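Asks: Below you will find the structure I want to go over with you.
In the numbering used here, the protein residues as written are 6 to 260.
Here you go:
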């Protein structure tokens, strides 16, 4: 659950050049200060607060759930619980794959979500330290309905909803995405699949930074898992705007 003292500040409300930028923390003695990071939380910074929704049997699964921002937790009695993003502790997201490449544990050309998971499962003690290199920590809430709720406040649609950087891209705009995807369970010699779709900017993510960065929501299940794990190729992204608005924006742009 989201801790009640966790505050998110939209910096765009204070300065126009900071539009789309947000910080999070807690207020102490009249000052906004950083919230505990992943290591501090895992070592008990929030212990006894009764903020837990569910307990999972794999810290690795829990970590990847933090990266995805939503998911389905299967219970021992056969039922399932949907959880979605509620808040983030305000610390920057760090892609732990960089550390594995730098240390030579995984070659850059073989890096994928599945490669990281395989390495972590084979090295559980090292994995605990590796996960703490990412100070970002996500808090969840229970979800109703069939899909997770994005930053725009509506349910995400598989293969149509795109997470973007709000500093560069407003939520709610239609986009045309042209890229390729290589599912992480595909044979080594498989050719990338062409993916050209009309998308909607409906979500954000800690790892999504920059003007031409996006993360496709693939849905739930094995296929979605393997498609998401292979989503790292370059592509092109077009914002679709009415002619009159596009003309006005171009004319207002300094040459």
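Virtual Cβ for every residue (Gly too), placed ideally from N, Cα, C.
Predicted model, so just to flag it, every value in this text is computed and none were measured.
Apply the 10 Å Cβ neighbour rule to residue 261 and answer buried if 16 or more other Cβ atoms are within range, or exposed otherwise.
Replies: Because the chain in this structure spans residues 6 to 260, residue 261 falls outside the shown range and cannot be described.
Asks: Per DSSP, which residues does residue 13 bridge with? Please list them.
Replies: Indexing the chain shown from 1 puts residue 13 at position 8. Beta-bridge pairing links residue 13 to 29.
Asks: Checking 8 Å against the spacing of the C-beta atoms, do residue 186 and residue 116 come in under that value?
Replies: Start at 1 with the first residue of the chain shown, and residue 186 comes out as number 181. Start at 1 with the first residue of the chain shown, and residue 116 comes out as number 111. No, Cβ-Cβ distance for residue 186 and residue 116 is not below 8 Å.
Asks: Should the region 124–138 be called in touch with the region 82–90, which here means at least 3 C-beta pairs below 8 Å?
Replies: Judged by Cβ distances under 8 Å, the region 124–138 makes no contact with the region 82–90, as fewer than three pairs qualify.
Asks: Residue 207 bridges to which residues according to DSSP?
Replies: Mapped onto the chain shown, residue 207 falls at position 202. Paired residue(s): none; residue 207 is not in a bridge.
Asks: I need the boundaries of the alpha helix (DSSP H) containing residue 105, first residue and last residue.
Replies: Indexing the chain shown from 1 puts residue 105 at position 100. Counting along the chain, the alpha helix (DSSP H) containing residue 105 begins and ends at 102–107.
Asks: With DSSP as the reference, please indicate the residues paired to residue 90 in a beta bridge.
Replies: As a first step, residue 90 must be located in the chain shown, where it is residue number 85. According to DSSP, which records beta bridges pairwise, residue 90 is partnered with 145.
Asks: Please determine, among 9, 181 and 160, the residue with the shortest C-alpha to C-alpha distance to residue 150.
Replies: Here residue 150 is taken as the residue at index 145 of the chain shown, counted from 1. Looking at the Cα atoms, 160 is the closest of the given residues.
Asks: For residue 173, which residues of its own chain have a beta-carbon under 6 Å away from its beta-carbon, when the five flanking residues on both sides are left out?
Replies: In the chain shown, counting from the first residue as 1, residue 173 sits at position 168. The answer, listed in chain order, is 216.
Asks: Please state the DSSP three-state secondary structure of residue 201.
Replies: Along the chain shown, one-based indexing puts residue 201 at 196. Strand at residue 201.
Asks: Got a sec, what are the start and stop residues for the alpha helix (DSSP H) residue 124 sits in?
Replies: For the purposes of this step, residue 124 is identified with residue 119 of the chain shown, where counting begins at 1. 118–127 is the span of the alpha helix (DSSP H), which, as asked, contains residue 124.
Asks: Alpha carbon to alpha carbon, how far is residue 123 from residue 52?
Replies: Here residue 123 refers to the residue found at position 118 of the chain shown. Here residue 52 refers to the residue found at position 47 of the chain shown. Going by the C-alpha atoms only, they are around 30 Å apart.
Asks: Please determine if the region 85–105 and the region 205–223 are in contact, where contact requires at least 3 C-beta pairs separated by less than 8 Å.
Replies: Yes: at least three Cβ pairs fall under 8 Å.
Asks: Rounded to whole angstroms, what's the CA-CA distance from residue 261 to residue 23? Just pull it up for me.
Replies: The first residue shown for the chain is 6 and the last is 260, placing residue 261 beyond what the model contains.
Asks: Please determine, among 13, 49 and 191, the residue with the shortest C-alpha to C-alpha distance to residue 38.
Replies: Along the chain shown, one-based indexing puts residue 38 at 33. The candidate whose alpha carbon is nearest that of residue 38 is 13.
Asks: Looking at the unbroken beta strand (DSSP E) that takes in residue 151, where does it start and where does it end?
Replies: Reading the chain shown from its first residue, position 146 is the one you call residue 151. Where residue 151 is concerned, there is no enclosing beta strand (DSSP E), given that its DSSP letter is neither H nor E.
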